[in-house]
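Chains as they are written, first to last, in our numbering: chain A, 172 to 632; chain B, 68 to 496. As structure tokens, the structure follows; a few thoughts come after it.
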Ligand SMILES: Cc1cc2nc3c(=O)[nH]c(=O)nc-3n(C[C@H](O)[C@H](O)[C@H](O)COP(=O)(O)OP(=O)(O)OC[C@H]3O[C@@H](n4cnc5c(N)ncnc54)[C@H](O)[C@@H]3O)c2cc1C
Ligand code: SF4
Ligand code: SF4
């Protein structure tokens, strides 16, 4: 517990910003999107200036309390879940787009800008910011940078890190640095900017972010391909890529997910098929026509029972919105949804789907799988009930096995949600112990007292 | 730990655990948009309710404040992919606050006297409405100080006075017989709820609805012994009285063979569709309630199903549509009214930006939490002024009053009308 005299100093520092300590406040900031995790902070603050943040860090070092940064709390690995002796620093109020530079195709934004808001603003100018996580209607750019989030357009356009050109960061010491900038090339010194991307709020708090924008694709075509077996869908993904076509989007949904999504969105998905792929190609109209035809060919060659094309842009948007709701829609079936984020080389998608199926049968649990199949990124989601402790323990065993299989196939335990608290005990499977030691020494160099989001990604000692 | 709710109608545990705290409802929540605080978001409120249910939080002042700050607009329900029935949780939580005697004096007086005493009894309602009519039409301001219900607000009276509905000179059920027959053949027999406030302050909307229904060959039954539907009571967490009222209406309406019960107030419609839910454990009424609920239709739903008659005249006006929360979110009715409006010959339809964002009326919210309601309203006003249509259709009396008030403040020349009024004018009835 942070003592009351320290709390009052914190309050003085945040000045005109919010300082919250009621029991109701603590409850409301005790969770994020991750199942089964919660912890009460000692206070929640909403600072309004970089200087306030810097002073908070200095005080934290002096008085040894912890700081946990938070965006909108949609994280799926527990990154913004409070820890012992901590204050939550809520950055969601920093929500201004500071500049859109149409000559350099860049945007300076504050970290609390909502991803979808940014999309809307830049698209008005004919520009495009591709990263579009399923949570884009509410997640923040700061959270996206901290988790290096992906989205539906990852296959062609990459993930958040591909669009970060510069950062202003308040370090745990309270010092403020800028890294990167508007130049397209820059090799002066170590690439610190990339170190901060995906650092899960453990190395510094971003206060300004410089984003790369690209011209908005002229046109796009969205398709749905239905399959009688998930394996065929998996094979289709590998076939499309092997045919040297890079669609913007290749999303996979299995039967359990399709049924939940249809129940919510009512967009006319057949609920009796085993799986579907949501595909989108975009770019120059001629290229789009050509690629769409090739994609349809690949689907048919791999036993797709039907391929539908969205007739209007509105219909396409609806399909994608429905896909984004997949995770939450799965909670219709059972109250607790525990999802994973394994990623395998794209050639191994079909194999991985088979393994997931076998493991779910072995442990007698219900798994719905969906994901960014084009990236090799699958979200096997276990539908369970946190009140059933016995089942939860089977789920944990099943996931341990799924992780091992993914790693054996040359994959990873998390493609985009981060390690956080939820996956830190499996981190060594992917990175090996030496890499974790290197990460620890980096953390120690930047945050010697371990006051910033300690215990996330790996334990401090 | 032991729940801090009572055993009577606590918020459902299944609904609470159904929320997987993804946060996808946050961008649609008007109160979250006002404060930027998780506590005043649907996800935060569900967690607060969960904490009380798990005994981790008492029914504190802060808890009560968040439950009352919520508009119960149910935008979060529409947004929630997991299908969390948020409205049922907040209403149950409010009922708990009442049961544990934790309301403030002001709320108690308002809810007990106004919702229980006045609205729930025809005689008292008419009496108060008469007094209000007298007050409004004679300028007898001393009445404000003397009449109990208005006095509670005396401090803020200036601010909320405009919200008191204009009382009609002749009340609805004094004007109409129990059965009305159309001029031509009878194709449908429909039941009609005259309601509480509607019947003393919105008789014009009722009249228009009746004209439009008669024009569409409906025989209309307005049962004399019907009562207020109970929606304001239920949404404010007074389940006992809401159930009592529901039972009365069930008895009265089921006496007749009806094709549908047609509603011109979204709030009433939403609740009558839920009678089945509120009485699910009642041995005598559960089946009857379901039967009644299945017949309830909003005017727009009903007309959409039977199809509008052709009109010979052109109605050359720019018309837009505001979604009443209790229609779009509570009843998922949104395409039907739009389609009806668009099909009126001559109409140029413009979509209102953020049409399904609450206007702040929210039952009695704009009376009890006037300042918050004004903030919510200002967003609606910004959107309306971005298109300034000639007509704005809203299918709920509360919304009509609230938006009219906003328009007057901003001196915007837009007519807010009920769909029935628009149709009546378009048909020249
Ligand atoms: C329904 C749903 C769908 C999702 N879909 C996707 C998806 O398709 N792809 C994907 O990659 N993820 C997805 N996610 C996960 C999640 O939305 C992302 O990780 C997102 O980037 C988190 O953003 P946030 O603003 O909610 O951050 P939070 O959850 O609040 O925080 C995430 C991490 O960022 C840190 N952080 C936040 N702000 C800052 C800052 N200013 N400076 C430094 N650190 C900071 C926090 O400490 C924490 O470690 C999904 C989540 C949900 C609930
Ligand atoms: S109510 Fe629904 S949308 Fe909101 S956090 Fe819960 S599950 Fe998500
Ligand atoms: S009902 Fe409306 S105000 Fe209440 S939590 Fe839901 S969206 Fe917010």
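By construction, the Cβ of each residue, glycine as well, lies at the ideal position given by its N, Cα and C atoms.
According to DSSP, which residues form a beta bridge with residue 102 of chain B?
Looking at the DSSP assignment, residue 102 of chain B forms no beta bridge with any residue, so it has no partner.
State the Cα-Cα distance for the pair residue 624 of chain A and residue 208 of chain A, rounded to the nearest angstrom.
15 Å
Is DSSP giving residue 297 of chain A helix, strand or coil here?
coil
Where does residue 416 of chain B fall in DSSP's three states?
strand
Return yes when at least one heavy atom of ligand 2 lies under 6 Å from the C-beta of residue 455 of chain A, else no.
no
Nearest-angstrom Cβ-Cβ length linking residue 438 of chain A and residue 493 of chain A, presumed shorter than 8 Å
5 Å
So does the segment 269–283 of chain B actually touch the segment 307–314 of chain B, counting three or more Cβ pairs closer than 8 Å?
no
What's the C-alpha gap between residue 347 of chain B and residue 501 of chain A?
27 Å
May I ask you to verify whether the segment 405–420 of chain B touches the segment 429–443 of chain B, counting CB pairs closer than 8 Å and requiring at least 3?
no
Let me check understanding here. Comparing Cα to Cα, which of B/391, B/387, B/160 and B/242 lies closest to residue 427 of chain B?
B/391
State whether the segment 576–583 of chain A contacts the segment 556–567 of chain A, with contact taken as three or more CB pairs (one from each stretch) at a distance under 8 Å.
no
My output table needs one value for residue 275 of chain A: the three-state DSSP class, helix, strand or coil.
coil
Secondary structure at residue 224 of chain B, three-state DSSP: helix, strand or coil?
Here the model assigns residue 224 of chain B a pLDDT of 49, short of 50, so the residue's position is not dependable and the matter cannot be decided.
Runs of beta strand (DSSP E) wholly within the segment 432–467 of chain A (minimum 3 residues, chain order)
446–454
With a threshold of 6 Å, establish whether the CB of residue 46 of chain B neighbours any heavy atom of ligand 3.
Absent from the model: residue 46 of chain B. The displayed extent of chain B is 68 to 496, so no value can be given.
DSSP three-state call for residue 328 of chain A: helix, strand or coil?
helix
For residue 360 of chain A, is the classification buried or exposed, using 16 other Cβ atoms within 10 angstroms of its Cβ as the cut-off for buried?
exposed
Amino acids of chain A, ordered along the chain, whose beta-carbon sits closer than 8 Å to that of residue 492 of chain B
None at all; the shortest Cβ gap to chain A is about 31 Å.
To the nearest angstrom, how far is it from the Cα of residue 350 of chain A to the Cα of residue 378 of chain A?
12 Å
Under 6 Å from any heavy atom of ligand 3, does the C-beta of residue 553 of chain A make it?
no
Within 10 angstroms of the Cβ of residue 146 of chain B, are there 16 or more other Cβ atoms? Answer buried if so, exposed if not.
buried
Any heavy atom of ligand 1 closer than 6 Å to the beta-carbon of residue 232 of chain A?
no
Thinking just about the alpha-carbon of each residue, which of A/364, A/631, A/386 and A/550 is nearest to the one in residue 321 of chain A?
A/550
Just tell me which of B/252, B/84, B/327 and B/108 has its CA closest to the CA of residue 120 of chain B.
B/84
Contacts of residue 485 of chain A in chain B (Cβ-Cβ under 7 Å):
Result: empty, since nearest Cβ-Cβ is about 12 Å, beyond 7 Å.
For ligand 3, any of its heavy atoms closer than 6 Å to the Cβ of residue 310 of chain A?
no
Could you check whether residue 460 of chain B and residue 419 of chain B sit closer than 7 Å to each other, using their CB atoms as the reference points?
no
Members of the segment 491–502 of chain A near chain B, C-beta cut-off 7 Å:
496, 498, 499, 500 and 502
I want to check one thing, is the minimum distance from the CB of residue 426 of chain A to the heavy atoms of ligand 1 below 6 Å?
no
Leaving aside the five residues before and after residue 326 of chain A along the sequence, list all residues of the same chain whose C-beta is less than 8 Å from its C-beta, in chain order.
417, 418, 419, 420, 421, 543, 545 and 546
Taking DSSP as the reference, what is the three-state secondary structure of residue 477 of chain A?
strand
Mark residue 612 of chain A as exposed unless 16 or more other C-beta atoms lie within 10 angstroms of its C-beta, in which case mark it buried.
exposed
Flag residue 115 of chain B as yes if its beta-carbon sits less than 7 Å from any beta-carbon of chain A, otherwise no.
yes
Which residue's Cα is closest to the Cα of residue 358 of chain B: B/341, B/474, B/265 and B/385?
B/341
In terms of DSSP beta bridges, what is residue 240 of chain A paired with?
A/260
Mind pulling the chain A residues with CB within less than 9 Å of residue 87 of chain B?
204, 206, 498, 499, 501, 502, 506, 507 and 508
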